[in-house]
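Colleague: Please read through the structure below; I'll follow up with questions.
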Amino acid sequence: MKASEVLAKALGFCGPNGENWIKGPSDGLPGTMFTGDNVCALLAIERVQDKFNASEDSIVTAGNTLRQAIDDRSVIQWNDAPERTWPEVKLAFETAIVYAEIQEGNQHGIA
């Protein structure tokens, strides 16, 4: 699975209108925010690995490409910023998908 596909599936885990996207800390205990279908931007990428058995390389590349789309900031800190909105998260994923597709094309000699 390519990084662009990982990012597209991760965006899908957030829900068409961001209904599954959340921000804020989680300690991983039952009853915390990350229950059921809820995901932050980074957890959405990790879920692709769990659900689709994506390679570690494609997951790491997807995470790095999303970070590139948000000006090399920490994905967790960026996602959890109080002012962060769903439209910004969606745009970051869409931008990262384009970046990944360009990188994938360059790897295959396509300019």
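Counting from 1 along the sequence shown, just add 20 to a position and that's the residue number in my numbering.
Beta carbons: idealized from backbone N, C-alpha and C, even for Gly.
Span of the alpha helix (DSSP H) holding Arg87?
Modeller: That run of the alpha helix (DSSP H) goes 76-89.
Colleague: Report the option in Cys60, Ser24, Lys22, Glu25 whose CA atom is closest to the CA atom of Asn40.
Modeller: Cys60
Colleague: Report the rounded CA-to-CA distance for Arg67 versus Thr105, giving the unit in angstroms.
Modeller: 21 Å
Colleague: So Ser78 and Lys29 are supposed to be a Cβ contact under 8 Å. How far apart are they, rounded?
Modeller: So it is not a contact: roughly 11 Å between Cβ atoms.
Colleague: Contact defined as beta carbons within less than 8 Å: I believe Asn88 pairs with Ala116. What is the distance between those atoms, to the nearest angstrom?
Modeller: First, the residue type needs correcting, since residue 88 is Gln and not Asn in the sequence shown. Contact flag correct, Cβ pair sits at about 7 Å.
Colleague: Checking the sheet assignment: what are the DSSP bridge partners for Trp41?
Modeller: Val59
Colleague: If I'm right that Ser24 touches Ala112 with Cβ under 8 Å, what's the distance once you round it to whole angstroms?
Modeller: 14 Å between Cβ atoms; not a contact.
Colleague: In whole angstroms, give me the CA-to-CA distance for Gly125 and Lys43.
Modeller: 33 Å
Colleague: Taking only three categories from DSSP, how would you classify Ser24?
Modeller: helix
Colleague: Tell me the residue span of the alpha helix (DSSP H) that contains Thr115.
Modeller: 106-127
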